[in-house]
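So the number in the numbering used here is just where the residue sits in the sequence shown, counting from 1, plus 8.
We put the CB at the ideal spot given by N, CA and C, even for glycine.
Note that the structure is predicted; figures quoted are calculated from it, not measured.
What follows is a set of notes on a single structure, which appears directly below.
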Amino acid sequence: MRKNYNLEKRKYVIGGFIALIALIYLVRLFDLQINDGKYKQSADSNAFLKKTVYPSRGLIYDRNGELVVYNQPAYDVMLIPRDVQPFDTLDFCSTLNITPESLRKRFADMRDKRLNPGYSSYTPQKLITQLSSEDYGRLQEKLYRFPGFFIQKRILRQYNHASAANVLGNIREVNATDIKNDDYYAPGDYTGDLGVEKSYEPYLRGHKGVEILIRDARGRIQGRYEDGANDVAPISGRDLRLSIDIKLQEYAESLMVGKRGAVVAIEPSTGEILCLVSSPTYDPRLLVGRQRGENYRKLVNDEAWPLYDRAYMAAYPPGSTFKPTQGLILLQEGIINLSTTFPCYHGYINGGLRVGCHAHGSPLPLKPALQTSCNAFFCWGFKSMIDRRSKYGSSANAFEVWKNHLVSMGYGYKLGLDLPGEKRGFLPNAKFYDKFYSEGHWSANTIISVSIGQGEILATPLQIANLCATIANRGWFVTPHVVKQIQDTVMPDGLLDRRRPTIDEHWYSEVAEGMRMAVTGGTCRRAALRDIEVAGKTGTAQNPHGKDHSAFMGFAPYTEPRIAVAAYVENAGFGATFGVPIGSLVMEKYLTGTISPERKYMEEQMLNSSLYYAPARKK
């Protein structure tokens, strides 16, 4: 039987097959020419060189308009790998004072996509960073000998003062994470690292520009493409004006030399931080230039932790600086009134429990208790509240009320400081003790130490200073911040809002009077200033790891406060020994600009004293 060949139908099959092949080619061509920029990039790179133009980074001034951080030019050696032609390696290395081995390693690291994720042979790559002026001059003269290489101008930071290192921060080269998280950055860019450089990076960095240069067939630059009509001009970063008084910062740092701890000074009415000192510190200029990496490693390995800002990262027992909060809570809850007295027999004695105290009159009401820093008064007051089941139902319920008042005053949580890395301290809740002692098996006596700022209570020096500012304002505070003004921009939302604790404002006046009495005739007598009314509170914080910590908080003037200070010195003994002198000297320096002759001896003591700290144990 003869087969029936239907040629009429076959032509459609063949035609469809040809159309399919054509469609595949068209899709592939579209993908290559439109979606895949590799070939366009290659073609463009033959004719054009797109150079990034880096903007000037915003300048940083102190509260008085003094320039603190500014820019200086730096030069990087860049190259386009596909344009590099054989060159005299020895000549290149001798010009830049590097070894051939170092050059080969730099090339290898540049091509390693694990170290340099953005590597492409068509795009500019960084070979050497931060040339000195001398190296830049020598290379510029010989650059024609090294095809494919060019010099990229960048901006580095310079500092007018060797202080406020952790406040200011620094800049560093971006890493893979930075590039992944923000498409603004490209390999070789710089970003803020620590301090205001990091927290205000979006304002400081500005916007990059682009300069398009035209090249001939040999890759030589012939000038700007279309006379720069397609160039994009960079936009400079915004300047910052800090709330920091750089002179006061330097002075406070000098008082803390040879000691570990922190000093925080706040303008109560605005929440502006006048100085934020962590000791030991370092010169911010160490983290600039080609030695940055080596210097950074030394700071990281320093057992004194200079990169760790104790002012808002370290959590300490507040000691007796905590007692004003207790007076406020007891008054607010109606546990005491201004006439309520408690006995002190050289301490709090209840059953077999004893919390020691120094000699003073007894019994005492609240204000004299603050004046003399009586431990017993606040232990008895705390017990009266926590064990009052007729009002609260249980110790746990009473403790939660107590804790919530403290939270409203700025303890237990971050205050919202405009610097990275702020810590919250520690404030236990009822569940913490339920878990530790079992539910219903604890009372005020079980945790009595928290009433005097010991036990589980931990606070940062910033939180202590903020409490002092709240008392100075008689019942409100503004979130502490170190930036006063951003050029042509409003401050972040909420940063300047007043915050009011759960304590009625009139009680703050009573506590402030007790703190005033502590200066006129109590534990803070060394804080007294000529012609200026000062209020203060000492703190001697027990430390299970060594000698007690010395603490102080105070504000002045009493009626119209301009400064609130917290000073905390590790392992320095009584609050009156180091905390009071350092804190009061900072107040006097800020308010008067000088130290009175009768207090010069105290200044000399603090400037010349140095405390011994045992080396940290190696793990």
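Checklist entry - Could you check where the beta strand (DSSP E) with GLU275 kicks off and where it finishes? => result Locating residue 275 in the sequence shown gives position 267, where the first residue counts as 1. For GLU275, the uninterrupted beta strand (DSSP E) run begins and ends at 269–275, by DSSP.
Checklist entry - Is the beta carbon of SER287 sitting closer than 8 angstroms to the one on ALA270? => result As a position in the sequence shown, residue 287 is number 279, starting the count at 1. As a position in the sequence shown, residue 270 is number 262, starting the count at 1. Judged by beta-carbon spacing, ALA270 lies within the 8 angstroms limit of SER287, meaning their Cβ atoms are closer than that value.
Item to check | Chain-order list of residues whose beta-carbon lies under 6 angstroms from that of GLY196 (same chain, five-residue window excluded) | outcome: Numbered from its first residue, the sequence shown carries residue 196 at position 188. In the same chain as GLY196, and ignoring 5 residues on each side of it, the C-beta atoms closer than 6 angstroms to its own belong to LYS134, in chain order.
Item to check | DSSP three-state assignment for VAL285, whether helix, strand or coil | outcome: For the purposes of this step, residue 285 is taken as the residue at position 277 of the sequence shown. Correct three-state label for VAL285: strand.
Item to check | Beta-carbon contacts of PHE115 that lie in its chain and below 8 angstroms, excluding the five residues immediately before and after | outcome: Locating residue 115 in the sequence shown gives position 107, counting from the first residue. Within the same chain, PHE115 has close Cβ partners LEU135.
Item to check | For THR107, the first and last residue of its enclosing alpha helix (DSSP H) | outcome: Residue numbering aside, residue 107 sits at position 99 when the sequence shown is read from its first letter. Under the DSSP assignment, THR107 falls outside any alpha helix (DSSP H); it carries neither an H nor an E label.
Item to check | Touch test, the segment 366–379 against the segment 515–522, Cβ-Cβ under 8 angstroms, three pairs minimum | outcome: Because the criterion of three Cβ pairs below 8 angstroms is met, the segment 366–379 and the segment 515–522 touch.
Item to check | ASP186, DSSP secondary structure in three states | outcome: The count along the sequence shown starts at 1 and reaches residue 186 at position 178. Here ASP186 sits in helix by DSSP.
Checklist entry - Taking C-alpha atoms, which residue in TYR62, ASN183, PRO314, ALA82 lies nearest to LYS121? => result Within the sequence shown, residue 121 is the residue found at index 113, counting from 1. The candidate whose alpha carbon is nearest that of LYS121 is ASN183.
Checklist entry - Cβ atoms of ARG293 and ALA170: under 8 angstroms apart, would you say? => result Taking the sequence shown and counting its residues from 1, one reaches residue 170 at position 162. Taking the sequence shown and counting its residues from 1, one reaches residue 293 at position 285. In contact: ALA170 and ARG293 (Cβ atoms closer than 8 angstroms).
Checklist entry - Between the C-alpha atoms of LYS331 and TYR576, what's the straight-line distance to the nearest angstrom? => result What you label residue 331 is simply residue 323 of the sequence shown in a count that begins at 1. What you label residue 576 is simply residue 568 of the sequence shown in a count that begins at 1. If I take the Cα positions, the gap works out to 16 angstroms.
Checklist entry - Can you tell me whether DSSP reads SER592 as helix, strand or coil? => result In the sequence shown, counting from the first residue as 1, residue 592 sits at position 584. Three-state result, SER592: helix.
Item to check | Beta bridge counterpart(s) of GLU219 as assigned by DSSP | outcome: Here residue 219 is taken as the residue at index 211 of the sequence shown, counted from 1. In DSSP, GLU219 forms a bridge with LYS59.
Checklist entry - How about THR548 and GLY601: are their beta carbons less than 8 angstroms apart? => result On the sequence shown, position 540 is the one that residue 548 refers to. On the sequence shown, position 593 is the one that residue 601 refers to. Between THR548 and GLY601, the gap from beta carbon to beta carbon reaches 8 angstroms or more.
Next on the checklist: Only counting the same chain, and skipping five residues up and downstream in sequence, which positions put a Cβ closer than 8 angstroms to that of ASP253?
Outcome noted: Taking the sequence shown and counting its residues from 1, the one referred to as residue 253 is at position 245. Taken in chain order, the residues that qualify are ASP70, ARG71, ASN72, LEU282, CYS283, TYR598.
Checklist entry - Among residues of its own chain, excluding the 5 on either side of GLY266, which ones have a beta-carbon nearer than 8 angstroms to its beta-carbon? => result Here the question's residue 266 lines up with position 258 in the sequence shown. If the five residues before and after GLY266 are omitted, its C-beta is found closer than 8 angstroms to the C-beta atoms of SER617, SER618, LEU619, all from its own chain and listed in chain order.
Checklist entry - Opposite ARG362 in the DSSP bridges: which residues? => result Working through the sequence shown from its first residue, we reach residue 362 at position 354. Beta-bridge pairing links ARG362 to ILE357.
Item to check | Cα-Cα separation, GLY297 to ARG305 | outcome: For this step, residue 297 is matched to residue 289 along the sequence shown. For this step, residue 305 is matched to residue 297 along the sequence shown. One C-alpha to the other measures close to 14 angstroms.
Next on the checklist: Please tell me whether ALA467 and TYR324 are closer than 8 angstroms, where the distance is taken between their beta carbons.
Outcome noted: Taking the first residue of the sequence shown as 1, we reach residue 467 at position 459. Taking the first residue of the sequence shown as 1, we reach residue 324 at position 316. For ALA467 and TYR324, yes; Cβs fall inside 8 angstroms.
Next on the checklist: My assumption, with CB atoms under 8 angstroms, is that LEU475 sits in contact with GLY530. Please give the rounded CB distance.
Outcome noted: For this step, residue 475 is matched to residue 467 along the sequence shown. For this step, residue 530 is matched to residue 522 along the sequence shown. LEU475 to GLY530, Cβ: 18 angstroms. No contact.
Checklist entry - What number of angstroms, rounded off, separates the C-alpha of GLU261 from the C-alpha of ALA172? => result Within the sequence shown, numbered from 1, the residue matching residue 261 stands at position 253. Within the sequence shown, numbered from 1, the residue matching residue 172 stands at position 164. One C-alpha to the other measures close to 9 angstroms.
Item to check | Host alpha helix (DSSP H) of PHE386 (start-end) | outcome: Within the sequence shown, residue 386 is the residue found at index 378, counting from 1. In this chain, the alpha helix (DSSP H) harbouring PHE386 covers 383–394.
Next on the checklist: Can you tell me where the alpha helix (DSSP H) holding GLY301 begins and where it ends?
Outcome noted: Within the sequence shown, the letter at position 293 stands for residue 301. That run of the alpha helix (DSSP H) goes 300–309.
Checklist entry - Hey, does HIS368 have any beta-carbon neighbour from chain B nearer than 8 angstroms? => result Protein chain content of the structure displayed is limited to a single chain, and chain B is not contained in it.
Item to check | Simplified DSSP state of LEU140, which is helix, strand or coil | outcome: Along the sequence shown, read from residue 1 onward, the residue named residue 140 stands at position 132. In the sequence on display, residue 140 carries Ser and not Leu. Here SER140 sits in coil by DSSP.
Next on the checklist: DSSP has GLY562 in a bridge; who is on the other side?
Outcome noted: Sequence index remark: in the sequence shown, residue 562 carries index 554 (1-based). Note: GLY562 sits in a beta bridge opposite GLY544, VAL573.
Checklist entry - In terms of residue numbering, what span does the beta strand (DSSP E) encompassing VAL498 cover? => result In the sequence shown, residue 498 corresponds to position 490, counting from 1. Segment: none, VAL498 is in no beta strand (DSSP E) and carries neither H nor E.
Checklist entry - In terms of residue numbering, what span does the alpha helix (DSSP H) encompassing LEU478 cover? => result As a position in the sequence shown, residue 478 is number 470, starting the count at 1. Residue identity differs from the one stated: residue 478 is Thr in this sequence, not Leu. If you look at THR478, you'll find it in the alpha helix (DSSP H) that goes 469–480.
Item to check | Residue range of the unbroken beta strand (DSSP E) whose run includes THR199 | outcome: Walking along the sequence shown from the start, residue 199 turns up at place 191. Per DSSP, THR199 belongs to the beta strand (DSSP E) from 198–201.
Checklist entry - Any idea what DSSP makes of PRO428, helix, strand or coil? => result Against the sequence shown, residue 428 aligns to sequence position 420. Note: PRO428 maps to coil in three-state DSSP.
Checklist entry - Quick one: Cα of ARG268 to Cα of ASN174, how far? => result Within the sequence shown, the letter at position 260 stands for residue 268. Within the sequence shown, the letter at position 166 stands for residue 174. Looking at the two C-alpha atoms, the distance is approximately 15 angstroms.
Checklist entry - For CYS701, which option in LYS150, LEU67, ARG65 has the closest C-alpha, if you only look at C-alpha atoms? => result Residue 701 lies beyond the stretch modelled for the chain, which goes from 9 to 627, so this question has no answer here.
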